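Chemist: So the sequence shown is numbered by our numbering: it starts at 510 and just counts up by one.
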Amino acid sequence: MASISPMRVMFLVTLAVIVITGIVALSVDGTVTRSNKSASENAYVAFNIIGVIFAISSLLLMLFLLFLCADRYKPMMLSVIACTAMALVSFGISVGVHSSIASLPTISWMMASLWVSVIGVIIAIVFLFSDPESI
């Protein structure tokens with residue numbers, strides 16, 4: 510088991526916030542449950558769901574890294590970075606598509622997911638290039 514530092518806890522909280530904001534973005538929008546959605550609406554909902562799945566994967570991989578696989582730090586961190594970056598790209602696409610069809614109030618949760626994903630990618634890259642024992 511790797512030591513749990515404040516920076517690692519902050520990263521776990523960041524990943525959890527990404528998941529929460531992605532789910533909230535879906536839950537506050539009535540488009541998700543409507544049956545007659547346009548192609549653009551289907552696209553932003555799909556990419557938001559994909560982003561949430563990648564964020565959950567990243568969170569689970571980070572938990573595995575901390576509690577089970579500390580001896581495989583670099584490959585696991587590369588996986589965490591890849592999943593977090595894919596969540597970032599998915600939320601970015603979702604925001605881009607949704608911003609062309611809706612006003613700010615609905616899209617604001619997706620914007621939050623996008624920018625928290627940016628923070629997550631930056632923190633994960635810092636972890637990758639830092640000594641595992643120093644953070």
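Beta carbons are placed, not taken as given, at the ideal position from N, Cα and C, and that holds for glycine.
The structure presented is a predicted model; accordingly, all values stated were derived computationally and were not measured.
Roughly how many whole angstroms lie between the Cα atoms of residue 534 and residue 629?
Modeler: As a position in the sequence shown, residue 534 is number 25, starting the count at 1. As a position in the sequence shown, residue 629 is number 120, starting the count at 1. One C-alpha to the other measures close to 18 Å.
Chemist: Residue 519: buried (16+ other C-beta within 10 angstroms of its C-beta) or exposed?
Modeler: For the purposes of this step, residue 519 is taken as the residue at position 10 of the sequence shown. Exposed, because fewer than 16 other Cβ atoms sit within 10 Å of the Cβ of residue 519.
Chemist: Roughly how many angstroms separate the alpha carbons of residue 532 and residue 561, rounded to a whole number?
Modeler: Here residue 532 corresponds to residue number 23 of the sequence shown, with the count starting at 1. Here residue 561 corresponds to residue number 52 of the sequence shown, with the count starting at 1. When rounded, the distance between both Cα atoms is 7 Å.
Chemist: Entirely within the stretch 518-579 and at least 4 residues each: give me those alpha helix (DSSP H) ranges in chain order.
Modeler: As far as the stretch 518-579 is concerned, its whole alpha helix (DSSP H) runs of at least 4 residues are 548-576.
Chemist: For a test of the three-state rule: what should DSSP assign to residue 634, helix, strand or coil?
Modeler: Along the sequence shown, one-based indexing puts residue 634 at 125. Reduced to three states, the DSSP call for residue 634 is helix.
Chemist: Within its chain, find whatever has a CB closer than 8 Å to the CB of residue 547; leave out the 5 residues flanking it on each side and keep chain order.
Modeler: One-based indexing of the sequence shown puts residue 547 at position 38. If we look at residue 547 and ignore the five residues flanking it on each side, its Cβ neighbours are 610.
Chemist: Nearest to residue 566 by CA position, among 631, 590, 583, 637, is which residue?
Modeler: The residue given as residue 566 occupies position 57 in the sequence shown. Here the closest residue by C-alpha is 590.
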